Structure formats: C-alpha cells, structure tokens
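For the numbering used here, add 343 to where a residue sits in the sequence shown, where the first one is 1.
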Amino acid sequence: MKTSELAKRAGVTAETVRFYTRKGLLTAARNPENDYKLYDQSALERLRFIYQARAIGFSLKEIEEIIQYSQQGNSPCPKVRQMLGKKIQETEKKIADLTVNLSMMRETFSEWANEPDMVPDGKAICCLIEEWSDKHDALPEEAEHEQP
C-alpha cells in the first residue's frame, strides 16, 4: 500500500508515515515503476504499536529502543516494565511539583486581586511581579540559571 493508503488505514497523516519512515521506525519497499514507497501489513501493525506505546507515554526514542531490542531477538517486556516504572516515578514527581506550583499561583493570584494597577515608570515593568519576591522566599539558585 502507498503512503497515503497506510496513513488512512492507520488514522494518521501521510506526513506522520513519512516521519516515522525517516526515523527508521517504518520500512518501505520501492515500486520500481514509479519509485513510490510501498508498505505491507506489518507497517500498519507497527504504526498501531507506535500509537499504543505513545498513548502509554513512551517517547519515539524509547519506542525505537524497544523495537531494536525486539529485533535483536530479545524479549523487550522486562525492559518495558522497568522503563514504565521509571516513567511513573518521574510523572509522580512532576505532579507533586506542579501541585506545589499551582498552590503558589493560586495564593499569588488571590494576593494580587486587590493590588492597584501601576503605570510603568521606565524602571519597573510590572510591579506585581517585581514586588512578589519581596513577599516570598527568593528562588533557589538553580532556578535562577534555568533555561526556558
């Protein structure tokens, strides 16, 4: 089947099929008459596998690693369990951090509700933000050096 047909049957865009092919996650034969890429049923099954793995939370790099491990004749299941366990821990930490951040945001929003609006004077940009650090603990040093 051609790229567009595979995409349609898998419920993805043709560009997604092309992207996964460039990444090496899908393989295609070439039609010698017109040089079109031709995919077989295994490509559709691979696309479904990728979709399911992405839905669980695996990155494309991790999916590639899982596929390569399987292609080497090894059962990837123990590795997948270990990877998912690590992802659960990382996600729980992110949720905890986001919960703390959300609480701080709500508190700040409530504090700002009755603060007056100020016109920039050439020195200040937004007094709400600039005066915020006076009322709260300073940022940890590593946060000051973070990249956006």
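All C-beta atoms, glycine included, are put in the ideal place defined by N, C-alpha and C.
No experiment lies behind these values; they were computed from the predicted model shown.
Any idea which residues DSSP pairs residue i with across the strands?
| i | result |
| --- | --- |
| L369 | Note: L369 sits in no beta bridge, so no partner. |
| L381 | K345, A372 |
Does the beta-carbon distance from residue i to residue j come in below 8 Å?
| i | j | result |
| --- | --- | --- |
| K351 | T364 | no |
| Y382 | A371 | yes |
| T405 | K366 | With the sequence shown as reference, residue 405 is identified as Glu, and Thr is not the correct amino acid for it. Against a cut-off of 8 Å, the Cβ pair of K366 and E405 comes out as no contact. |
| K430 | G465 | no |
| T346 | A353 | no |
If you draw a straight line from the alpha carbon of residue i to that of residue j, how long is it in whole angstroms?
| i | j | result |
| --- | --- | --- |
| I409 | R389 | 12 Å |
| D440 | E450 | 16 Å |
| F452 | V355 | 41 Å |
| V423 | F362 | 24 Å |
| E435 | N444 | 14 Å |
| M447 | E473 | 16 Å |
Within the same chain, show all residues whose beta-carbon is closer than 8 Å to that of residue i, passing over the 5 residues directly before and after it, in chain order.
| i | result |
| --- | --- |
| N417 | none |
Take residue i as the anchor and find which of the options has the nearest alpha-carbon.
| i | options | result |
| --- | --- | --- |
| L387 | Q415, V360, V462 | V360 |
Less than 7 Å between C-beta atoms, sequence neighbours within five positions excluded: which residues of the same chain meet that for residue i?
| i | result |
| --- | --- |
| I393 | Y363, L368, I406 |
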